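Taking it in order: structure first as structure tokens, then the write-up.
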Amino acid sequence: MIPSQGALEGPDPGESVQKRVLIVEDEPAIRDMVAFALRKAGMEAVHAADARSAQTAIGDRIPDLILLDWMLPGMPGIDLARRLRRDDLTRDIPIIMLTARGEETDRVNGLDAGVDDYVVKPFSARELIARIRAVLRRAHGEDAEGVIEIAGLRIDSAAHRVFAGEQTVSIGPTEYRLLHFFMTHPERVYTRSQLLDHVWGGGVYVEERTVDVHIRRLRMTLAPFGKDGLVQTVRGAGYRFSASE
184 MIPSQGALEG PDPGESVQKR VLIVEDEPAI RDMVAFALRK AGMEAVHAAD
234 ARSAQTAIGD RIPDLILLDW MLPGMPGIDL ARRLRRDDLT RDIPIIMLTA
284 RGEETDRVNG LDAGVDDYVV KPFSARELIA RIRAVLRRAH GEDAEGVIEI
334 AGLRIDSAAH RVFAGEQTVS IGPTEYRLLH FFMTHPERVY TRSQLLDHVW
384 GGGVYVEERT VDVHIRRLRM TLAPFGKDGL VQTVRGAGYR FSASE
């Protein structure tokens, strides 16, 4: 069953930072339609036809969101969702389940498995994009304008800018991605390996000490504004972004 195309919208002004969406769907027609809608909305679409190829794609680079079909060959989507939620590396990735199963019990089972939203086929591309944007905002703690603020430090995703109070913070691209990840995942410790997977992507070969270099640069960037202490070293474990001492 192919979802309805509906009226396609252009990129959201708040999506200057391109979001990576993994489409896990075994029907090529649906996969292609959804990918077209995502690209039209200014997002990056990655394809996977089954659970195994989905896990390979996630290993190459962590997506910002996963669109997951319930009925997949090999491992059902509901089982893959449960597996992703048990893994420290993937448990925070937002998941939207795509399915023709619209009964209440099916929706409840999907939500119990840890999915963030549930879209029943056939759906319009416009509705799907709206749901994706809403789930991404909730997952990243951003408001409707794509802004997140912690302890006086503010990221404006729409403008791709960082502010300390009313002052603009001049920041490099890698440090920006690192800070954005930290601010959307505060109060949790990440190892160097996990930061490499989330910020650089598993398909890129970078030594773990590179993380230390960019952490140091990020702190130097924030130091003139008194915000360097937000990026904390947890001895023997990794790094954490926290407003608490």
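As numbered in the working numbering, residues 184 to 428 make up the sequence shown, in order. Cβ atoms here follow ideal geometry from the backbone N, Cα and C, with glycine treated the same way. As the structure is a prediction and not an experimental result, all values here were calculated from the model.
Asked                                                                                                                                                     : Found
Using the three-state DSSP reduction, which class does residue 318 fall into: helix, strand or coil?                                                      : helix
Given this structure, state the Cα-to-Cα distance separating residue 251 from residue 396, to the nearest angstrom.                                       : 36 Å
So within the region 253-313, which uninterrupted alpha helix (DSSP H) runs reach at least 4 residues, ignoring any that extend past its ends?            : 260-269 and 287-295
Starting from residue 230, trace the beta strand (DSSP E) in both directions and tell me its first and last residue.                                      : 227-231
In its own chain, which residues sit with a C-beta less than 8 Å from the C-beta of residue 333, not counting the 5 before and 5 after it?                : 366, 369, 413, 424 and 426
Please report the straight-line C-alpha distance between residue 357 and residue 382, rounded to a whole angstrom.                                        : 8 Å
Whose C-alpha, out of 298, 280, 409 and 315, is nearest the C-alpha of residue 224?                                                                       : 315
Evaluate contact between the region 295-314 and the region 342-360, counting only Cβ atoms and requiring at least three cross-stretch pairs below 8 Å.    : no
Looking at the strands, I want to know which residues DSSP matches up with residue 332.                                                                   : 337
Return helix, strand or coil for residue 418, following the three-state DSSP convention.                                                                  : coil
So the alpha helix (DSSP H) residue 240 belongs to, where does it begin and stop?                                                                         : 234-243
For my contact list, residue 267 and residue 279 are in at a C-beta cut-off of 8 Å; report their separation, rounded to the angstrom.                     : At roughly 13 Å, the Cβ-Cβ gap does not stay under 8 Å, so residue 267 and residue 279 are not in contact.
Can you list, in chain order, the residues of its chain whose CB lies under 7 Å from that of residue 411, leaving out five sequence neighbours each side? : 402 and 405
Report yes or no: do the region 203-214 and the region 226-235 share at least 3 C-beta pairs separated by less than 8 Å?                                  : yes
Give me the Cβ distance between residue 297 and residue 264, rounded to the nearest whole Å; I'm assuming they're in contact under 8 Å.                   : 6 Å
Which residues does DSSP list as the beta-bridge partners of residue 350?                                                                                 : 347
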